[in-house]
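Step one of this worksheet: look at the structure below.
In the working numbering, the protein residues as written are 1 to 199.
What follows is the structure, encoded as structure tokens:
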């Protein structure tokens, strides 16, 4: 079978001859153009899937970062909680309170995270910001940590869904690329046969 380069050269020369242009080219080109049209459809499909993959990837990256942030916040609150519990035991004082790290306070306020007994002091239980000067008891710290753990789990669950969507999209992209290759191969076979018939 001729190579793709040879096929292109032969076909260009073949279709440029007056005899073929006037008599045979329309039918032959009609057959070949079908393959070209199919290839274009698959290419458009690839572009669409590529955009979908990029969008899913961005969402996955954002969800991953949010999950890591929540885990970090939970760990910081847990450290404060452990220190408070140790202090309460050492002093035999269950009413010990402790402040949150600045970045935890900022994260809660920036994201307006409603936590029962902590930031639900607004109208009808809506968000009420906290400050770095506020101090919290053991129960409140446990509630804060628990909220971060819940959010981290939710982000993790979302990431699992994004991973599945990404896998499905990549499989579809691979199938489309394979289809393009097969269509081009079939088109080359048809052109090669046409050239052979007129030699």
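By construction, the Cβ of each residue, glycine as well, lies at the ideal position given by its N, Cα and C atoms.
- With a threshold of 16 other beta carbon atoms within 10 Å, residue 104 meets it and is buried.
- The Cβ atoms of residue 43 and residue 169 lie no closer than 8 Å to each other.
- For residue 39 against residue 184, the beta-carbon gap comes to about 6 Å, under 8 Å, which counts as contact.
- By the CB criterion at 8 Å, residue 99 and residue 132 fall inside the cutoff.
- In this structure residue 141 is buried. Its beta-carbon is surrounded by 16 or more other beta-carbon atoms within 10 angstroms.
- In this structure, the alpha-carbon of residue 179 lies about 16 Å from that of residue 50.
- Residue 96: not part of any alpha helix (DSSP H); DSSP gives it neither H nor E.
- Under the rule that a run must span 4 or more residues, the alpha helix (DSSP H) segments found entirely inside the segment 65–138 read 102–110.
- Residue 68 and residue 186 have their C-alpha atoms roughly 49 Å apart.
- Look at the beta carbons and you see the segment 157–166 not touching the segment 69–84: under three pairs across the two are nearer than 8 Å.
- Contact check for residue 116 against residue 127 fails: the beta carbons are separated by 8 Å or more.
- When the beta-carbon positions are compared, residue 107 and residue 151 stay at least 8 Å from each other.
- Straight-line spacing of the CA atoms in residue 64 and residue 111 works out to 16 Å.
- Relative to the Cα of residue 172, the nearest Cα in the group 158, 61 and 48 belongs to 48.
- When C-alpha distances from residue 153 are compared across 144, 137 and 71, the shortest belongs to 71.
- For the set 138, 145 and 90, the Cα lying nearest the Cα of residue 114 is the one of 145.
- Taking all protein chains shown into account, residue 176 has 16 or more neighbouring C-beta atoms within 10 Å of its C-beta and is therefore buried.
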